[in-house]
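> Before we start, here is the structure in question, set down as structure tokens.
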Amino acid sequence: DAGVTQSPTHLIKTRGQQVTLRCSPKSGHDTVSWYQQALGQGPQFIFQYYEEEERQRGNFPDRFSGHQFPNYSSELNVNALLLGDSALYLCASSLVTSGSSETQYFGPGTRLLVL
Amino acid sequence: GQQVMQIPQYQHVQEGEDFTTYCNSSTTLSNIQWYKQRPGGHPVFLIQLVKSGEVKKQKRLTFQFGEAKKNSSLHITATQTTDVGTYFCAGHRSEKLVFGKGTKLTVNP
Numbered sequence: 001d002a003g004v005t006q007s008p009t010h011l012i013k014t015r016g017q018q019v020t021l022r023c024s025p026k027s028g029h030d031t032v033s034w035y036q037q038a039l040g041q042g043p044q045f046i047f048q049y050y051e052e053e054e055r056q057r058g059n060f061p062d063r064f065s066g067h068q069f070p071n072y073s074s075e076l077n078v079n080a081l082l083l084g085d086s087a088l089y090l091c092a093s094s095l096v097t098s099g100s101s102e103t104q105y106f107g108p109g110t111r112l113l114v115l
Numbered sequence: 116g117q118q119v120m121q122i123p124q125y126q127h128v129q130e131g132e133d134f135t136t137y138c139n140s141s142t143t144l145s146n147i148q149w150y151k152q153r154p155g156g157h158p159v160f161l162i163q164l165v166k167s168g169e170v171k172k173q174k175r176l177t178f179q180f181g182e183a184k185k186n187s188s189l190h191i192t193a194t195q196t197t198d199v200g201t202y203f204c205a206g207h208r209s210e211k212l213v214f215g216k217g218t219k220l221t222v223n224p
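Protein chains in written order, with my numbering: chain A, 1 to 115; chain B, 116 to 224.
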């Protein structure tokens with residue numbers, strides 16, 4: 001039973017560039033949430049996707065966008081990268097029909113460095 | 116917006132000593148979750164507390180949820196070197212998880 005997978009594991013970009021990060025949820029899960037974790041901080045919620053739509057969004061600018069595909073996998077896109085976007089980007093999957101607030105399972109993350 | 120505060124930020128203990136981290140929310144939570152993140156790793160789910168006053172145990176770990184569902188604690192008895200890592204609480208409200216900044220635990224053998 002595969003857990004949550006993310007690609008790439010590491011990425012280096014320069015300011016102003018665009019980046020796409022990918023996530024495949026745990027088998028049987030239908031919801032994907034994205035988090036940004038800066039060094040020494042807790043994960044910050046970016047947004048959540050369910051049924052291919054953005055269901056909830058945190059306090060992040062429109063430069064951050066996402067997509068969910070019919071197979072439940074998801075992408076996070078960040079445009080016009082800033083130095084402050086350097087962080088560990090975590091994807092977490094869950095099952096929205098579990099009947100209670102979902103337990104989220106995190107992937108290993110993508111470490112993004114913006115130079 | 117919803118804030119989740121966690122203290123202490125750092126805790127260094129001798130192996131065998133106890134450890135406690137505390138979590139406080141500015142608003143009532145539907146539930147609270149605890150995660151452990153090892154250095155270089157990703158958060159791993161430990162437990163979820165839902166009921167007011169709930170107490171749950173996992174071997175040497177004891178988790179409590181306050182009566183007002185605004186605070187929580189994690190207590191580790193007789194720490195071991197395998198307990199090192201950062202422990203995060205996360206409040207769940209409106210489908211969104213709000214994480215505290217975490218408590219980084221180091222254990223001196």
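We put the CB at the ideal spot given by N, CA and C, even for glycine.
Measuring only between beta-carbons, confirm whether residue 90(A) sits less than 8 Å from chain B.
Your numbering for residue 90(A) matches position 90 in the first sequence. At least one chain B Cβ lies under 8 Å of residue 90(A).
> So, is residue 26(A) buried or exposed, given that buried needs 16 or more other C-beta atoms within 10 angstroms?
Indexing the first sequence from 1 puts residue 26(A) at position 26. Residue 26(A) comes out buried.
> For chain A, check one thing: does any of its Cβ atoms lie closer than 8 Å to the Cβ of residue 134(B)?
Here residue 134(B) corresponds to residue number 19 of the second sequence, with the count starting at 1. Chain A places no beta carbon closer than 8 Å to that of residue 134(B), leaving this residue out of the contacts.
> Using 8 Å as the cut-off, can you tell me whether the segment 178-187 of chain B makes contact with the segment 139-147 of chain B, which would need three or more C-beta pairs spanning the two stretches below that distance?
The segment 178-187 of chain B vs the segment 139-147 of chain B: in contact.
> In angstroms, rounded to a whole number, what distance separates the CA positions of residue 53(A) and residue 66(A)?
Against the first sequence, residue 53(A) aligns to sequence position 53. Against the first sequence, residue 66(A) aligns to sequence position 66. Rounded to the nearest angstrom, the two C-alpha atoms are 9 Å apart.
> Just to check my reading of the structure: residue 87(A) and residue 106(A) have Cβ atoms closer than 8 Å, yes? What is that Cβ distance to the nearest angstrom?
For this step, residue 87(A) is matched to residue 87 along the first sequence. For this step, residue 106(A) is matched to residue 106 along the first sequence. That belief does not hold up - the Cβ atoms of residue 87(A) and residue 106(A) are roughly 14 Å apart, past 8 Å.
> Any beta carbon of chain B sitting closer than 8 Å to that of residue 17(A)?
Stepping through the first sequence from its first residue, residue 17(A) is reached at position 17. Residue 17(A) does not count as touching chain B.
> Is the Cβ of residue 163(B) closer than 8 Å to any Cβ of chain A?
The residue labelled residue 163(B) in the question sits at position 48 within the second sequence. It does: the Cβ of residue 163(B) has a partner Cβ on chain A nearer than 8 Å.
> Could you tell me which uninterrupted beta strand (DSSP E) segments, each at least 3 residues in length, are contained entirely in the segment 118-153 of chain B, listed from first to last along the chain?
119-122, 125-129, 134-140, 146-152
> Just to confirm before moving on: does the CB-CB distance between residue 28(A) and residue 90(A) stay below 8 Å?
Looking up residue 28(A) in the first sequence gives position 28. Looking up residue 90(A) in the first sequence gives position 90. No; because the gap between Cβ atoms is not below 8 Å, this pair is not in contact.
> With a CB to CB cut of under 6 Å and the five nearest residues on each side skipped, what residues in its chain are close to residue 101(B)?
As shown, chain B starts at 116 and ends at 224. That puts residue 101(B) outside it, with no answer to give.
> Closest to residue 10(A) by CA distance: which of 3(A), 21(A), 36(A) is it?
Stepping through the first sequence from its first residue, residue 10(A) is reached at position 10. Of the candidates 3(A), 21(A), 36(A), the one whose C-alpha sits nearest the C-alpha of residue 10(A) is 21(A).
> Going by beta carbon distance, what residues of the same chain come within less than 6 Å of residue 17(A), once the five residues before and after it are set aside?
Here residue 17(A) corresponds to residue number 17 of the first sequence, with the count starting at 1. Hits under 6 Å: 81.
> Apart from the five residues on each side of it in sequence, which residues of its chain come closer than 6 Å, Cβ to Cβ, to residue 77(A)?
Looking up residue 77(A) in the first sequence gives position 77. Counting only Cβ-Cβ distances below 6 Å, and skipping sequence neighbours, we find 20, 65.
> Among 152(B), 120(B), 140(B), 136(B), whose alpha-carbon lies nearest the alpha-carbon of residue 197(B)?
Residue 197(B) sits at position 82 when you count from the first residue of the second sequence. When only C-alpha atoms are compared, the closest one is 152(B).
> Of all Cβ atoms in chain A, is any one closer than 8 Å to the Cβ of residue 212(B)?
On the second sequence, position 97 is the one that residue 212(B) refers to. When Cβ-Cβ separations below 8 Å define contact, residue 212(B) makes contact with chain A.
> Among 79(A), 50(A), 47(A), 74(A), which has the Cα closest to the Cα of residue 7(A)?
In the first sequence, counting from the first residue as 1, residue 7(A) sits at position 7. Checked all of 79(A), 50(A), 47(A), 74(A); the closest Cα to residue 7(A) is 74(A).
> Label residue 215(B) either buried or exposed according to how many other C-beta atoms from any shown protein chain fall within 10 Å of its C-beta, with 16 as the threshold for buried.
For the purposes of this step, residue 215(B) is identified with residue 100 of the second sequence, where counting begins at 1. Label assigned to residue 215(B): buried.
> Establish whether the CB of residue 68(A) and some CB of chain B are separated by less than 8 Å.
Position 68 of the first sequence holds residue 68(A). No, because no Cβ of chain B sits closer than 8 Å to the Cβ of residue 68(A).
> Which residue's Cα is closest to the Cα of residue 132(B): 217(B), 118(B), 191(B), 211(B)?
For the purposes of this step, residue 132(B) is taken as the residue at position 17 of the second sequence. Ranking 217(B), 118(B), 191(B), 211(B) by Cα distance to residue 132(B) puts 191(B) first.
> Quick one, which residues of the segment 169-182 of chain B are near chain D if we go by CB-CB under 8 Å, in chain order?
As a matter of chain content, chain D is missing from the structure shown, whose protein chains are A and B.
> Using the beta-carbon of each residue, which ones in chain A are nearer than 7 Å to residue 217(B)?
Translated into the one-based positions of the second sequence, residue 217(B) becomes position 102. In chain order: 42.
> Mind listing the chain B neighbours of residue 9(A)? Cutoff is C-beta to C-beta under 8 Å, in chain order.
Against the first sequence, residue 9(A) aligns to sequence position 9. Near residue 9(A) there are no residues of chain B at all, since even the closest Cβ is about 11 Å away, more than 8 Å.
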